[in-house]
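One structure below.
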Amino acid sequence: QQPVQSPQAVILREGEDAVINCSSSKALYSVHWYRQKHGEAPVFLMILLKGGEQKGHDKISASFNEKKQQSSLYLTASQLSYSGTYFCGTEDNYGQNFVFGPGTRLSVLP
Amino acid sequence: DVKVTQSSRYLVKRTGEKVFLECVQDMDHENMFWYRQDPGLGLRLIYFSYDVKMKEKGDIPEGYSVSREKKERFSLILESASTNQTSMYLCASSLEGPKYGYTFGSGTRLTVV
Numbered sequence: 218q219q220p221v222q223s224p225q226a227v228i229l230r231e232g233e234d235a236v237i238n239c240s241s242s243k244a245l246y247s248v249h250w251y252r253q254k255h256g257e258a259p260v261f262l263m264i265l266l267k268g269g270e271q272k273g274h275d276k277i278s279a280s281f282n283e284k285k286q287q288s289s290l291y292l293t294a295s296q297l298s299y300s301g302t303y304f305c306g307t308e309d310n311y312g313q314n315f316v317f318g319p320g321t322r323l324s325v326l327p
Numbered sequence: 489d490v491k492v493t494q495s496s497r498y499l500v501k502r503t504g505e506k507v508f509l510e511c512v513q514d515m516d517h518e519n520m521f522w523y524r525q526d527p528g529l530g531l532r533l534i535y536f537s538y539d540v541k542m543k544e545k546g547d548i549p550e551g552y553s554v555s556r557e558k559k560e561r562f563s564l565i566l567e568s569a570s571t572n573q574t575s576m577y578l579c580a581s582s583l584e585g586p587k588y589g590y591t592f593g594s595g596t597r598l599t600v601v
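In order, the protein sequences belong to chains A and B. My numbering applies: residue 218 is where the first sequence begins, and numbers increase by one. My numbering applies: residue 489 is where the second sequence begins, and numbers increase by one.
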């Protein structure tokens, strides 16, 4: 079953922060995040495994709350290059049935 | 730079035609995948393969078939194209399932008229 992402779309000014959420009705083993810029292939950002970990690189980080079956992606001091569609992908508690969410479109304006 | 290459960026085909979408990866990955991307629906898995000559149905296999005769090449076949198969098709490969992330090709935008 496909995870739910919110919001569907967000518009920011350069330097502002954003949070993208991903939630599932199933118990999760892992959550993955990808970014797809317009006209390009999706690019893998990070994977979070159950255990409540938090990860990040540069000014993009994410958390995974396995009890709530949800993950959040945090974009801090957004840059123009952050524009694109962000997809989460989830694996169920058995590490199987990987499925992508519908995506969140992020637009960063100057 | 490692790559997944899809043979066509844009394709226009007629209803009823047999369509072949080709994908080649140079990373020696075991796993290859075909996804379909539609607005508001995200990426939906059509078929995947864990080894040469092996294939598994994904979430939306109807109307599609696949072929993997060599490790580096994974082909998606639309036996008789229909207008509802107009979409962006993305090929991906991975070392070991989704664990280390997928590497995607740039996609083939297929229009069936």
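Heads up, the beta-carbon is just placed ideally off N, CA and C, and yes, glycines get one too.
- For PRO549(B), no CB of chain A lies under 8 Å from its own CB, so it is not counted at the interface with that chain.
- Looking at the backbone, the Cα of THR503(B) and that of THR571(B) are separated by about 7 Å.
- When the beta-carbon positions are compared, TYR498(B) and ARG597(B) come within less than 8 Å of each other.
- Residues LYS243, ALA244, LEU245, TYR246 of the same chain have their beta carbon placed closer than 7 Å to that of ASP309(A), with the five preceding and five following residues left out of the count.
- Counting along the chain, SER278(A) sits inside the beta strand (DSSP E) bounded by residues 277 to 282.
- Chain order gives the chain B residues near HIS249(A) as PRO586, GLY589, where near means a beta carbon separation below 8 Å.
- Looking from the CA of PHE315(A), the closest CA among GLU233(A), HIS249(A), ASP275(A) belongs to HIS249(A).
- Segment contact: the region 515 to 531 of chain B against the region 571 to 590 of chain B, three or more CB-CB distances shorter than 8 Å; contact assigned.
- Look at LEU583(B) here: in three-state DSSP terms it is coil, with no helix or strand label.
- With contacts defined by Cβ atoms closer than 8 Å, SER300(A) and SER324(A) form a contacting pair.
- Following the DSSP letters along the chain, one finds ARG497(B) in no beta strand (DSSP E), marked with neither H nor E.
- In the DSSP assignment, MET520(B) falls within the beta strand (DSSP E) that extends over 519 to 526.
- At a cut-off of 8 Å, the C-beta of SER581(B) has no neighbouring C-beta in chain A.
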